[in-house]
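Asks: Note that the protein sequences, when read in sequence, are chains F and Y.
Heads up, the first sequence is in this note's numbering, so the first residue is 99 and it goes up one at a time.
Heads up, the second sequence is in this note's numbering, so the first residue is 99 and it goes up one at a time.
There are 2 protein chains.
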Amino acid sequence: MTGNADLIARRERLLGRNMSLFYEEPVHLVRGEGVWLFDADGRRYLDCYNNVPHVGHCHPRVTEAIARQASTLNTHTRYLHEGILDYVERLTATFDKSLDAAILTCTGSEANDVALRMAQAVTGKTGVIATDHTYHGNTAAVSQLSTRMPPVGGFGGHVRHVPAPDSYRPLGGEPGDAFAAAFTAKVEEAIASLEQSPHGFSALIIDPFFANEGFPELPSGFLDGAVAAVRKAGGLVIADEVQPGFGRTGRHMWGHQKAGILADIVTLGKPMGNGHPIGGVVAGSETLNAFRKAFRYFNTFGGNPVSCAAAMAVLDVIESEKLIENAATVGAYAKAGLARLADKHDVIGDIRGSGLFFGAELVTDRSEKTPASDLATKVINGMRERGVLMGKLGIHQCTTKIRPPMPFTRENADVMLSTLDDVLSGL
Amino acid sequence: MTGNADLIARRERLLGRNMSLFYEEPVHLVRGEGVWLFDADGRRYLDCYNNVPHVGHCHPRVTEAIARQASTLNTHTRYLHEGILDYVERLTATFDKSLDAAILTCTGSEANDVALRMAQAVTGKTGVIATDHTYHGNTAAVSQLSTRMPPVGGFGGHVRHVPAPDSYRPLGGEPGDAFAAAFTAKVEEAIASLEQSPHGFSALIIDPFFANEGFPELPSGFLDGAVAAVRKAGGLVIADEVQPGFGRTGRHMWGHQKAGILADIVTLGKPMGNGHPIGGVVAGSETLNAFRKAFRYFNTFGGNPVSCAAAMAVLDVIESEKLIENAATVGAYAKAGLARLADKHDVIGDIRGSGLFFGAELVTDRSEKTPASDLATKVINGMRERGVLMGKLGIHQCTTKIRPPMPFTRENADVMLSTLDDVLSGL
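1. At which residues does the beta strand (DSSP E) containing residue 447(F) begin and terminate?
2. Determine, for residue 199(F), whether the minimum Cβ-Cβ distance to residues of chain Y falls below 8 Å.
3. How far does the beta strand (DSSP E) with residue 389(Y) in it extend, from its first residue to its last?
4. Could you check the C-alpha separation between residue 509(F) and residue 149(Y) for me, to the nearest Å?
5. When the cut-off is 8 Å and only beta carbons count, does residue 102(Y) lie next to chain F?
6. Classify residue 391(F): buried if its beta carbon has 16 or more other beta carbons within 10 angstroms, exposed otherwise.
7. For the stretch 167-181 of chain F, which residues have a beta carbon sitting closer than 8 Å to at least one beta carbon of chain Y?
8. Do residue 328(F) and residue 285(F) count as a contact pair if the criterion is CB distance below 8 Å?
9. In this structure, how does DSSP classify residue 281(Y) when only helix, strand and coil are distinguished?
10. Output, in chain order, the set of chain Y residues within a Cβ distance shorter than 9 Å of residue 392(F).
11. If you compare alpha carbons, which of 461(Y), 426(Y), 174(Y) and 102(Y) is closest to residue 147(F)?
12. Residue range of the beta strand (DSSP E) that residue 471(Y) falls in?
13. By the criterion of Cβ-Cβ separation under 9 Å, what are the contact partners of residue 120(Y) in chain F?
14. Go through the stretch 100-150 of chain F residue by residue and report every complete run of the alpha helix (DSSP H) that reaches 4 residues or more, in order.
15. Which one of 425(Y), 299(Y), 102(Y) and 439(Y) has the shortest CA to CA distance from residue 257(Y)?
16. Note down the Cα distance separating residue 152(F) from residue 230(F), rounded to an integer number of angstroms.
17. Are there 16 or more other CB atoms within 10 angstroms of the CB of residue 459(F), so buried, or fewer, so exposed?
18. Can you give the Cα-Cα distance for residue 484(F) and residue 127(F), rounded to whole angstroms?
19. So, does the CB of residue 399(Y) fall closer than 8 Å to a CB anywhere in chain F?
20. I need the straight-line Cα distance from residue 170(F) to residue 488(Y), nearest angstrom please.
21. Work out the CA separation of residue 428(F) and residue 507(F) for me, nearest whole Å.
22. Please determine, among 490(Y), 348(Y) and 377(Y), the residue with the shortest C-alpha to C-alpha distance to residue 410(Y).
23. Let me know the secondary structure DSSP gives residue 305(Y) once reduced to three states.
24. Tell me the DSSP secondary structure of residue 200(Y) in three-state form.
25. Could you compute how far the alpha carbon of residue 516(Y) sits from the alpha carbon of residue 203(F)?
26. Is the distance from the Cβ of residue 425(F) to the Cβ of residue 348(F) below 8 Å?
27. Would you say residue 416(F) lies against chain Y (beta-carbon separation less than 8 Å)?
28. Starting from residue 335(F), trace the beta strand (DSSP E) both ways and give me its first and last residue.
29. Can you check which of these residues, 227(Y), 172(Y) and 469(Y), is closest to residue 398(Y) by C-alpha distance?
30. Keeping to the same chain, check which residues put their C-beta closer than 8 Å to that of residue 111(F); ignore five residues upstream and five downstream.
31. So what's residue 298(Y) in DSSP terms, helix, strand or just coil?
32. Taking 8 Å as the cut-off, decide whether the C-beta atoms of residue 163(F) and residue 407(F) are in contact.
33. Rounding to the nearest angstrom, what Cα-Cα distance links residue 502(F) and residue 360(Y) in this structure?
34. Find the residues of chain Y that neighbour residue 396(F), judging by a C-beta separation of less than 9 Å, and give them in chain order.
35. So the candidates are 505(Y), 495(Y) and 105(Y); which of them puts its Cα closest to the Cα of residue 309(Y)?
36. Are there 16 or more other CB atoms within 10 angstroms of the CB of residue 523(F), so buried, or fewer, so exposed?
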């Protein structure tokens, strides 16, 4: 542990103070393989958190693809190269026919930064609607979508926030039609407000799975009214698939497909290259052309041959290892296990999620549904001490965030569940 | 060539129209090695353009470092890892003592996006000064620094542009004190204008080598007055080292060191990982802490172990292959060669540059210094036809952009020079 104290001191000196670090006792990692991570003392951790190593830490097919392409050629898109064309062709084939072209970037933040400007190019307006507990990335423009902290110089005034849907405490009373109608009404209000402002209305940007908001269980058709309102006002729907994308939620490749809506622009990030920095924006070619006409855009590293090789290998592995099916079956198994734990532990107020993105909302009082955020922190740290890595999130920061690499097995789920049982019993 | 037509059509369909592509007859690359690139027909091109593959295309030490780390561990900075600490320690050791900490990003654009907010955090103001022919990246915030095209919704009003220094046609008459004084006066005017605006003055952002502006030959101390004016007004100096950094200009590791100024914030990009997507912001820890206090910032891929391994290998190769010294000697040799060509070809109006970033400004009339932009395009395409890749840039877009990988040799320079002689003779 002296080693960690030294590392933490060096980190503060070299990277600055207030740089976020997980757990009361941070983990010093040196190796990863599949769903496992190993620290400097050789201790093994079950990774129930990281979605970036989507097909598993250090998957050999991805690392071999990277090594092969990095030693063959790595340039930019101002020369012709087949790698980016083959990848974008295969990627867009997983979307609705109307989403047939893409711009590749290096991060999901860059992708959302471009997506906002695409909507501006199409509509000639700049106003955006987002949910009030969202996060879409770290650029100056995209940070304006967060409610967290006003930037120096203040918010731009072009963003309206609507309440994030919360199926555990639904707006409009019980889950069902009233819940969806209440969300639609909030979106309509925000559109009207933007239309009355100098900014006008360009887009609604949502993670269709509402991951950061605590992945509420939404009734079928929940977003239909909001999407219709956006289209009626001439705006675009941007689906941020950085978290639910690439089959994470089981059965569907994309979160907006699961939600049953059609997006005009889709943004991709984290899992796309299994950790290699690549992101992207998928849209119809008309939308892309409008963007390229209104804004000059070139991204030096975006769509380079190595990034494309990494991303192509990720698609290969998802398919050959049937990882979407695995997410559906193992996710359902793990959720059922959480339900059994709820019979035993009153602190579990709600269980939600889909595929390999699920968790339990912790409460101090089930009838009042009082959020137990400090308790969630305790649970996360207790799990880490016992060798299982997970996080917490949600509107009240009291929902466990279980989002493991996609090759997660039933046996892995059993380890997570028995450890959680143990931690909850010790509270 | 049918192959290229097919690729171009696929490209337009999958990546959108108006995506920039080099040369009248684009090059379809399949392999790179050192300073050489190879197309699909097996034809070899001497790369006199690409600075991203800084230590040479597919350098084995870099690709091996990437392969090794990618198959060992690739996670984010919310866990402890020594790779990022070792790299930042070694990187910051190449700067003035006052620049002792860093934030790692994935691109130079992300780095400049952060740098602008760092200056905002320190000063509480948002106004920025840039030159009128610059380019600092592609995010929405950073694009505001370009004069090229007004974005949808208009420019933010917080940017003031000063005329880029042009040593061939100097403001204030002859190169010398009047030239520098004229630049200083423009910066002082811009500061006053921002101070009178609601934005206030936060920073001057410059590439200290003024690469995109045509790398003018600046007298020693040229920037001293401007920097003093910035400091007097409480603003920060941001040095964008994406192009001159990592020893490119010969003798100095950083462009601001060559210019003899001290920067408050330094941004890094392109050459940092030899093509692997990594960028960064180097600053004093007080500045970093102010940023982290005023803005929440986390970059998922930024500073991941693989990126750091790639970047560390780049520093290793720069040192072990003495590439900075090579840039100085081969650059001087090539510039002398260009001077000999100028005796023969009247179209060469001026020869400028430093280390392995140099070129000739082409004019239709030496006495009038009339920019020959179309001719420059012709030259670039003629060079490409003869197997030498270069570009053009500058205020008048008539300066050849010669910026090869750093292991460029005298023999490579001879090939470039004789080909250029040939092309110029055929005009």
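Note that CB positions come from ideal geometry on N, CA and C, so glycine has one too.
Replies: Put simply:
1. Counting from one through the first sequence, the residue named residue 447(F) turns up at place 349. Element bounds for residue 447(F): 446-452.
2. As a first step, residue 199(F) is located in the first sequence; it is residue number 101 there, counting from the start. Yes - at least one Cβ of chain Y is within 8 Å of the one on residue 199(F).
3. By 1-based counting over the second sequence, the position of residue 389(Y) is 291. Boundaries for residue 389(Y): no beta strand (DSSP E) harbours it, while the alpha helix (DSSP H) harbouring it runs 383-392, taken from the DSSP string.
4. To locate residue 509(F), count along the first sequence from 1; it is residue 411. To locate residue 149(Y), count along the second sequence from 1; it is residue 51. When rounded, the distance between both Cα atoms is 49 Å.
5. Taking the second sequence and counting its residues from 1, one reaches residue 102(Y) at position 4. Residue 102(Y) counts as touching chain F.
6. Counting from 1 along the first sequence, the entry for residue 391(F) is found at position 293. Looking at its Cβ environment, which holds fewer than 16 other Cβ atoms inside 10 Å, residue 391(F) is exposed.
7. Against chain Y - using a Cβ distance shorter than 8 Å - the residues of the stretch 167-181 of chain F are 168, 169, 170, 171, 172, 173, 174, 175, 176, 177, 178, 179 and 180.
8. Position 187 of the first sequence holds residue 285(F). Position 230 of the first sequence holds residue 328(F). One thing to note: residue 285(F) has its Cβ within 8 Å of the Cβ of residue 328(F).
9. Your numbering for residue 281(Y) matches position 183 in the second sequence. Reduced to three states, the DSSP call for residue 281(Y) is helix.
10. Indexing the first sequence from 1 puts residue 392(F) at position 294. What residue 392(F) touches in chain Y: 247, 249 and 250.
11. Taking the first sequence and counting its residues from 1, the one referred to as residue 147(F) is at position 49. For residue 147(F), the nearest C-alpha among the options comes from 174(Y).
12. Numbered from its first residue, the second sequence carries residue 471(Y) at position 373. Run containing residue 471(Y): none in the beta strand (DSSP E); it sits in the alpha helix (DSSP H), 471-483.
13. For this step, residue 120(Y) is matched to residue 22 along the second sequence. Those are 176 and 177, listed as they occur along chain F.
14. 100-113
15. Stepping through the second sequence from its first residue, residue 257(Y) is reached at position 159. Answer by Cα proximity: 299(Y).
16. Residue mapping note: residue 152(F) aligns to position 54 of the first sequence, counting from 1. Residue mapping note: residue 230(F) aligns to position 132 of the first sequence, counting from 1. Those two C-alpha atoms are separated by around 27 Å.
17. Indexing the first sequence from 1 puts residue 459(F) at position 361. Buried is the call here.
18. Within the first sequence, residue 484(F) is the residue found at index 386, counting from 1. Within the first sequence, residue 127(F) is the residue found at index 29, counting from 1. If I take the Cα positions, the gap works out to 15 Å.
19. The residue given as residue 399(Y) occupies position 301 in the second sequence. Yes, its Cβ sits closer than 8 Å to a Cβ of chain F.
20. Against the first sequence, residue 170(F) aligns to sequence position 72. Against the second sequence, residue 488(Y) aligns to sequence position 390. Computed Cα separation, rounded: 21 Å.
21. The residue you call residue 507(F) lines up with position 409 of the first sequence. The residue you call residue 428(F) lines up with position 330 of the first sequence. If I take the Cα positions, the gap works out to 6 Å.
22. Counting from one through the second sequence, the residue named residue 410(Y) turns up at place 312. For the residues 490(Y), 348(Y) and 377(Y), the minimum Cα distance to residue 410(Y) belongs to 377(Y).
23. On the second sequence, position 207 is the one that residue 305(Y) refers to. Three-state result, residue 305(Y): coil.
24. As a position in the second sequence, residue 200(Y) is number 102, starting the count at 1. Of the three classes helix, strand and coil, the one that applies to residue 200(Y) here is strand, per DSSP.
25. Counting from 1 along the second sequence, the entry for residue 516(Y) is found at position 418. Counting from 1 along the first sequence, the entry for residue 203(F) is found at position 105. When rounded, the distance between both Cα atoms is 38 Å.
26. Locating residue 425(F) in the first sequence gives position 327, counting from the first residue. Locating residue 348(F) in the first sequence gives position 250, counting from the first residue. In contact: residue 425(F) and residue 348(F) (Cβ atoms closer than 8 Å).
27. Looking up residue 416(F) in the first sequence gives position 318. Taking Cβ atoms only, chain Y never reaches closer than 8 Å to residue 416(F), which makes this a no.
28. By one-based count along the first sequence, residue 335(F) stands at place 237. Here the beta strand (DSSP E) through residue 335(F) covers 334-338.
29. As a working note, residue 398(Y) is residue 300 in the second sequence. If we check each option's Cα against that of residue 398(Y), 172(Y) comes out closest.
30. If you number the first sequence from 1, residue 111(F) lands on position 13. Cβ within range, chain order: n/a, list empty.
31. Within the second sequence, the letter at position 200 stands for residue 298(Y). Residue state, collapsed to three classes: coil.
32. Reading the first sequence from its first residue, position 65 is the one you call residue 163(F). Reading the first sequence from its first residue, position 309 is the one you call residue 407(F). In this structure, residue 407(F) lies closer than 8 Å to residue 163(F) by Cβ.
33. Along the first sequence, read from residue 1 onward, the residue named residue 502(F) stands at position 404. Along the second sequence, read from residue 1 onward, the residue named residue 360(Y) stands at position 262. Rounded to whole angstroms, residue 502(F) to residue 360(Y) spans 46 Å at the Cα level.
34. The residue labelled residue 396(F) in the question sits at position 298 within the first sequence. By Cβ distance, chain Y contributes 117, 118 and 236.
35. Along the second sequence, read from residue 1 onward, the residue named residue 309(Y) stands at position 211. Cα-wise, what sits closest to residue 309(Y) is 495(Y).
36. One-based indexing of the first sequence puts residue 523(F) at position 425. Its Cβ having fewer than 16 others within 10 Å, residue 523(F) is exposed.
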